[in-house]
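To start, the structure itself, in structure tokens.
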Amino acid sequence: MMSTPQPSSPRRARTAIVAGGGVAGPVAAMALRKAGIEAVVYEPYAPGTGSRGGAITLASNGQNALATVGADKAVRDAGWVTPRMIIQSGTGKVLASMDDLPGLPPRVTLPRGALVDALQRTAADQGIEFRFGKRFADAVDTGHSVIAQFDDHTTAEADVLIGCDGIRSTVRSRIDPAAPVPRYTGLIGLGGYVDGTGVPDTGGAWHFVFGRRAFFGYVVHGDHASWFANMPVKRLDRDALRATGFDEWMRRMREAFADDAGPALQILDHVTPEGFTTPSPLEDVPHVPVWSKGRIALIGDAAHATSPSSGQGASLAAESAVELARCLRDLPVEEAFAAYTRRRRGRVERIIAAAARTNQSKAAGPIAARIRDAVMPFVMERFATPEKSAWQYEYRIDWDAAA
Ligand SMILES: Cc1cc2nc3c(=O)[nH]c(=O)nc-3n(C[C@H](O)[C@H](O)[C@H](O)COP(=O)(O)OP(=O)(O)OC[C@H]3O[C@@H](n4cnc5c(N)ncnc54)[C@H](O)[C@@H]3O)c2cc1C
2 MMSTPQPSSP
12 RRARTAIVAG
22 GGVAGPVAAM
32 ALRKAGIEAV
42 VYEPYAPGTG
52 SRGGAITLAS
62 NGQNALATVG
72 ADKAVRDAGW
82 VTPRMIIQSG
92 TGKVLASMDD
102 LPGLPPRVTL
112 PRGALVDALQ
122 RTAADQGIEF
132 RFGKRFADAV
142 DTGHSVIAQF
152 DDHTTAEADV
162 LIGCDGIRST
172 VRSRIDPAAP
182 VPRYTGLIGL
192 GGYVDGTGVP
202 DTGGAWHFVF
212 GRRAFFGYVV
222 HGDHASWFAN
232 MPVKRLDRDA
242 LRATGFDEWM
252 RRMREAFADD
262 AGPALQILDH
272 VTPEGFTTPS
282 PLEDVPHVPV
292 WSKGRIALIG
302 DAAHATSPSS
312 GQGASLAAES
322 AVELARCLRD
332 LPVEEAFAAY
342 TRRRRGRVER
352 IIAAAARTNQ
362 SKAAGPIAAR
372 IRDAVMPFVM
382 ERFATPEKSA
392 WQYEYRIDWD
402 AAA
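Taking this note's numbering, the leading residue of the sequence shown gets 2, the next gets one more, and so forth.
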């Protein structure tokens, strides 16, 4: 358990331990380095051996943050541009079609593993040191430094520790033993990649289908389809989830999408176990009361995990990494953490709440689904416009401004 810190010295941080090398970690390390703070990243999994995950999209705001640390090009090169979202009902009716706002970097889609690889590679190229095989276990805040302990019984010391260890953050539980745990959204996420389905190239458009019984998303790039399904499952039984095999999931998905328009069944017909990502419950953490304590702070999913329905988790992680580094550049540690929290909390919690509302539409029962289908066209027309969502996508941190 973390010891009680002594009164901290007001000097600025010069060194940092970054616990977690997923999305937030490498971006934080690059941003800290740009701020004159030397950071080392500690990550349990060797490069390319961690969770590979399904397709992820990096929104304009996330790319703005990556551009600040010179990582936007590497990420763009690892994926493909998907600047349009087409939202449909299970009947095939187009409820909304949204293009990225002009003048902003277009949305990029890539496998989550490719995103992490690109960020780790770019950070390493910038001189960031990664120590793999290191799982953060605990920390002691001495008041002048923080000493991290890893599960291989090694330690590391620095001026600050940044917890980038994801939605099940250990760092979060060390700074606040009463911290909330992830909340199940009522949806199971499934997905993967498949070639040669015969479904035509969607021209950079992601299609999102609010089907009669479940939600289906797909994008086809040349011959290659990325897809995901969100299946409503009221009560989460993790053992049952683990025990359910590929064939059974395929059967359930075929049944769920049997009456919907669109190519869900055609795509599923070609899916193989190799191109199928591990099914997982969709979760979020709507409010983490304590984002920092003494010399330790949280960023990314550790602080503000949104469910995938926002398409913003990785982008918010990148933004928070840049903002935290800017604050540490200009302010003594505890003031920096307070300024970072002030600047970020409202924005991220608003996005988490919006995604939670989308989840309710995805998990609608048969009666609610009918109401949803009747009401959605009006809601979409009024609210699902590029202008209405500009606050999410236009966001840019002014790195040169004083924090
Ligand atoms: C199905 C799904 C789809 C998604 N789609 C999108 C999308 O389209 N767009 C989007 O922006 N976001 C999406 N997200 C969310 C996005 O993946 C996360 O918000 C983002 O990865 C958060 O980055 P992070 O670095 O905080 O956490 P993570 O990416 O989870 O990285 C955490 C890292 O910490 C490491 N770690 C864990 N424990 C420890 C420890 N004790 N010590 C040290 N290291 C540790 C892990 O190995 C991992 O490398 C999706 C998420 C899911 C589940």
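Heads up, the beta-carbon is just placed ideally off N, CA and C, and yes, glycines get one too. Computed from a predicted model, the values in this text were never measured in an experiment.
Same chain only: Cβ atoms within 6 Å of residue i, ignoring 5 sequence neighbours per side
i    : result
N65  : R397
I18  : A149, A157, A159 and L162
M1   : Outside the modelled stretch of the chain, which goes from 2 to 404, sits residue 1, for which no answer is possible.
I353 : D285, P287 and T307
R132 : Y43
A271 : Reading off the sequence, residue 271 comes out as His, not Ala. Around H271: V195 and T198.
E249 : none
C328 : A337, A340, Y341 and A404
S170 : G164 and A303
A364 : G187, L188 and P233
Under the three-state DSSP convention, the category residue i falls into
i    : result
G347 : helix
R373 : helix
L105 : coil
S316 : helix
G192 : strand
H208 : strand
A356 : helix
D261 : coil
E410 : A question about residue 410 goes unanswered here, because the residues of the chain that appear run from 2 up to 404.
T123 : helix
K35  : helix
K94  : coil
A403 : coil
P8   : Here P8 scores only 48 on pLDDT, less than 50, and its place in the model is too uncertain to base an answer on.
D331 : helix
A138 : strand
T342 : helix
First through last residue of the alpha helix (DSSP H) which encompasses residue i
i    : result
I268 : A265 to L269
Q64  : S61 to T69
H305 : D302 to H305
G394 : Correcting the residue identity first, residue 394 is Tyr in this sequence and not Gly. Segment A391 to Y394, the alpha helix (DSSP H) holding Y394.
D73  : D73 to A79
D240 : R239 to A244
V172 : T171 to I176
Assigned exposure category for residue i - 16 Cβ within 10 Å defines buried
i    : result
I368 : exposed
W392 : exposed
D118 : buried
A60  : buried
R12  : exposed
K135 : buried
E324 : buried
P112 : buried
H154 : exposed
V182 : exposed
S10  : In this prediction, S10 scores a pLDDT of 47, lower than 50, which makes its location untrustworthy; the coordinate-derived value is nonetheless stated afterwards. So S10 counts as exposed.
E320 : buried
T186 : buried
D152 : exposed
L266 : exposed
G114 : buried
D399 : exposed
Contacting residues, own chain, Cβ-Cβ under 7 Å from residue i (five flanking each side not counted)
i    : result
G93  : A262 and G263
P387 : M99, D100 and L102
T342 : W292 and S293
L237 : Y185 and P282
Proximal residues to residue i (C-beta, below 8 Å), its chain only, five neighbours per side dropped
i    : result
F247 : P274 and F277
A140 : M3, V147, I148, A149, Q150, L162, V172, R175 and I297
I129 : P27, A30, M31, R34, A40, V41 and V42
R85  : S98, M99, D100, D101, G204, G205, A206 and W207
7 Å Cβ cutoff met for residue i and residue j
i    : j    : result
V109 : V82  : yes
V220 : D202 : no
A318 : V24  : yes
S362 : R373 : yes
G91  : R175 : no
C165 : G301 : yes
A326 : A32  : yes
V210 : Q89  : yes
M232 : I189 : yes
G314 : G192 : no
S310 : N360 : yes
L116 : I168 : no
Opening and closing residue of the beta strand (DSSP E) in which residue i lies
i    : result
A149 : V147 to F151
S227 : H225 to P233
I18  : T16 to A20
R132 : E130 to F133
Residue i at chain D interface by Cβ criterion, 7 Å
i    : result
P282 : Judged by its chain identifiers, the structure shown contains no chain D, having just a single protein chain.
Near ligand 2: residue i beta-carbon under 6 Å from a heavy atom
i    : result
S316 : This structure simply doesn't include ligand 2; it includes ligand 1 instead.
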